[in-house]
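Asker: Let me begin by handing over the structure; questions about it come next.
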Amino acid sequence: MLTTKPLPYCKVFVLFFLSSCHNSTNIETTKSETLSYFSKNNEAKLAIKFLFDNYKGRYGLKTQFLTRDGIDKSDEVLNLNLYDYQNYLDSVDVNSSITKIYDSTALDKNFLIQNMNLALMVYENPIVGEKKWYDWKTFCEYVLPYRVGVEVLNNWRPYFYKRYSRYLKTFDIEKLSISNISEILKLELEGTSRYTFWEPQKKFKPSVNQTVDEILKFRTQFSCEDYAVHSTYVLRSLGIPAALEVIPYWGKFNFGHIQEAIMLEDQKFYPNTPRDTMPFLYQIAKMYRKTFSKVKNPTEQMISYGEAYENIPKDFNYDDLIDVTSERTKVSNITFDISQYKSIKTSYLCVYNNGQWMPVDWAKVMDNKVTFKNIGRNILYHMGQYTSTGMKLIKEPFILDAKGNINYPIDNKRNTNKLTIYNWDRNKTLDNGTGYILYSWDINTHSWQSLYEITASETSLQFSLPNETLCGLYKLEPSNQSNFTSVRPFTYKNGEQIWW
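Encoded structure:
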């Protein structure tokens, strides 16, 4: 879904997952003791019930660097400068392990009691706004939870509450809106805390999602997800509902994105662009909000429809994401006849991302038709079916335009056989003396077919297209990078490249 900078190559590098064992006896004891502590607090008991109704399957990921003898070298490796690490790694065989620590083994009474007391305190007496200015369901979902992502359980709430409640008291807080506070906190995170993208990565990423101790130690976000988790920690600690929002794959860019969303006084969630509900207009196909309560797992739904597990992409195996695409961009429901594909039970909608067609939505085949709902507009798509060998594309690529119309980029109505190209990728101009290969999408083989190779001698390239009908979807790659597949595709209209 999202990519972060990979760990540098070690002399012996192995990535594996270990899972801690579940202990139902201990977790039931923890639940009973926590409920007993709050026996006279009905709100706390309801909140505890919510947590224990939804904790199963939740976990944190702990990164460790171990020698073959099992000696933990994490502190040494994580303190290495990336530019000086090789001498150390050459002297020791290091395996990188990521251990999955389930909440069922990590939760304890004292941790839950502290978390509950602080969460209820800011709900009853918020830093800003009226008492209980949002409903109980919102509190349980977006303030109460003891975890934000897949971080190892840690005491983020007391630290960030103490730090930022004191900080905000230096302002005339009664005159501030939640939007004002959001901007103040954002400036502080990027300023005083020096928690910013602009510093180059100098060390290994300590974990998939950082704990408060790791944030304080490294002072660096290694990805957009790190910043979002940190910001959500801060907002929730102050009693302001906040959530992670996920773009699995951009519709017009490569990779994906995660950011925090904040609830304002109007009871609506906004991205970290204040008062702009659609900063990603016409850029995304799908966007989701992370929940703590469990939602229907798409994989389980597909299996119930008769689909085999191995024929389902791993992208759809989740139980904590709700679709908020319609809150962030213009959307449409689109239906296709796939009667020619008799064996398909489930069809997928894909976007072109980092050189591949990646699935962003799925639909059950009913009466030889599929309907994809709440699909972002002005994006290039392709349908597919999935098997154990991967995604197999069907039909042909199409563009769902800004008005919700489906257009196929078949190039049989062009009024010229000439293409004049100025960019080899979005915002990347041609380099004089560099060779480039022009590709066209072949709807029969569902692959890129090379048309021409030419060396740039000026700021533009001229191509004469063959007379036969082409798909009308192109890409241009530097010829000296044979595996360079991350360039964006484009169509051509009225003498201009239109990037997808």
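All residue numbers for the sequence shown refer to the working numbering, where the first residue is 1351 and numbers rise by one.
Positions of the beta carbon are idealized from the N, C-alpha and C atoms, including for glycine.
1. Answer yes or no: do Y1698 and I1744 have a C-beta to C-beta separation smaller than 7 Å?
2. In chain order, what residues of the same chain lie with their CB nearer than 7 Å to the CB of V1427, ignoring the 5 residues before and after it?
3. Could you give the distance in angstroms between the alpha-carbon of N1429 and the alpha-carbon of P1556?
4. Where does S1738 sit, in a helix, a strand or coil, going by DSSP?
5. Give me the Cα-Cα distance between E1564 and T1380, rounded to the nearest whole angstrom.
6. Within 10 Å of its beta-carbon, does P1816 have 16 or more other beta-carbons around it, so buried, or fewer, so exposed?
7. Starting from A1635, follow its DSSP beta bridges and name the residues at the other end.
8. Of all the options Y1514, F1840, G1499, E1480, which has the alpha carbon lying nearest to the alpha carbon of D1616?
9. Decide if F1521 is buried, meaning its Cβ has at least 16 other Cβ atoms within 10 Å, or exposed.
10. With C-beta atoms as the reference, is E1746 less than 7 Å away from I1793?
11. To the nearest angstrom, how far is it from the Cα of P1759 to the Cα of L1780?
12. Give the DSSP-derived three-state secondary structure of H1796 in the structure shown.
13. Return the CA-CA distance between G1740 and W1798, expressed in angstroms with no decimal places.
14. Under a three-way DSSP split, which group does E1846 fall into?
15. With which residues is V1596 paired in a DSSP beta bridge?
16. Which parts of the stretch 1404-1436 are runs of the alpha helix (DSSP H), unbroken and 4 residues or longer, counting only runs that do not cross its ends?
17. Hey, out of I1749, L1594, P1508, L1823, whose CA is closest to A1855's CA?
18. In or out: L1537 buried (at least 16 other Cβ within 10 Å) or exposed?
19. Which word fits K1412, buried or exposed, when buried means at least 16 other C-beta atoms lie within 10 angstroms of its C-beta?
20. Measure from the alpha carbon of Y1613 to the alpha carbon of each residue in V1720, H1607, P1621, then state which is nearest.
21. Can you check which of these residues, D1403, F1813, Q1633, is closest to Y1842 by C-alpha distance?
22. Using a Cβ-Cβ cut-off of 7 Å (strictly less than) and excluding sequence neighbours within five positions of S1807, which residues of its own chain qualify?
23. Using only CA atoms, which one of L1385, E1595, I1463, R1513 lies nearest to L1494?
24. Do you know how far the Cα of F1619 is from the Cα of R1516?
25. For the beta strand (DSSP E) holding S1573, just list the boundary residues, first then last.
26. Does the distance from the CB of Y1655 to the CB of K1719 come in under 7 Å?
27. Can you find the residues in the same chain that come closer than 6 Å, C-beta to C-beta, to K1851, ignoring five residues on each side of it along the sequence?
28. From the DSSP output, read off the bridge partner residues of Q1812.
29. Which of the three DSSP states is assigned to F1547 in this structure?
30. Count the other C-beta atoms from every protein chain shown that fall within 10 angstroms of the C-beta of N1376, then say buried if there are 16 or more, exposed otherwise.
31. For D1453 and Y1409, which I take to be in contact (beta-carbon distance under 8 Å), what is that distance rounded to the nearest angstrom?
32. When the Cα of L1468 is compared with those of N1559, N1683, L1585, R1507, which residue comes out closest?
33. Pull up the distance between the alpha-carbon of C1360 and that of D1485, whole angstroms please.
34. Tell me the residue span of the beta strand (DSSP E) that contains Q1690.
35. With a cut-off of 8 Å on the beta carbons, I'd call A1394 and F1388 a contact; round off their distance for me.
Answerer: Let's see:
1. no
2. Closer than 7 Å at Cβ, skipping near neighbours: F1415, V1444, F1554.
3. 10 Å
4. coil
5. In a straight line, the C-alpha of E1564 is about 27 Å away from that of T1380.
6. Looking at its Cβ environment, which holds fewer than 16 other Cβ atoms inside 10 Å, P1816 is exposed.
7. According to DSSP, A1635 bridges with nothing at all.
8. E1480
9. Exposed, because fewer than 16 other Cβ atoms sit within 10 Å of the Cβ of F1521.
10. yes
11. 24 Å
12. coil
13. Taking the straight line joining both Cα atoms gives about 18 Å.
14. strand
15. Under DSSP, V1596 takes part in a beta bridge, and its partners are I1608, Y1638.
16. 1424-1428
17. What the structure shows of the chain is the stretch from 1351 to 1850, and residue 1855 is not part of that stretch, so it cannot be assessed.
18. By the neighbour-count definition (other C-beta atoms within 10 Å, threshold 16), L1537 is an exposed residue.
19. buried
20. The sequence shown places Met at residue 1613, rather than the Tyr named in the question. Checked all of V1720, H1607, P1621; the closest Cα to M1613 is P1621.
21. F1813
22. Same-chain partners within the cutoff: N1782.
23. I1463
24. 25 Å
25. DSSP places S1573 in no beta strand (DSSP E); its state is neither H nor E.
26. No, the Cβ-Cβ distance between Y1655 and K1719 is not below 7 Å.
27. Given a span of 1351 to 1850 for the chain in the structure shown, any question on residue 1851 remains unanswerable.
28. T1770
29. Here F1547 scores only 49 on pLDDT, less than 50, and its place in the model is too uncertain to base an answer on.
30. When all chains shown are included, N1376 counts as exposed.
31. 6 Å
32. R1507
33. Because C1360 sits at a pLDDT of 30, beneath the cut-off of 50, its placement in the model cannot be relied upon, and the following sentence gives the value as read from the coordinates. A direct Cα-to-Cα measurement between C1360 and D1485 gives close to 50 Å.
34. No residue range can be given for Q1690, since it is assigned to no beta strand (DSSP E) and is classified by DSSP as neither H nor E.
35. 4 Å
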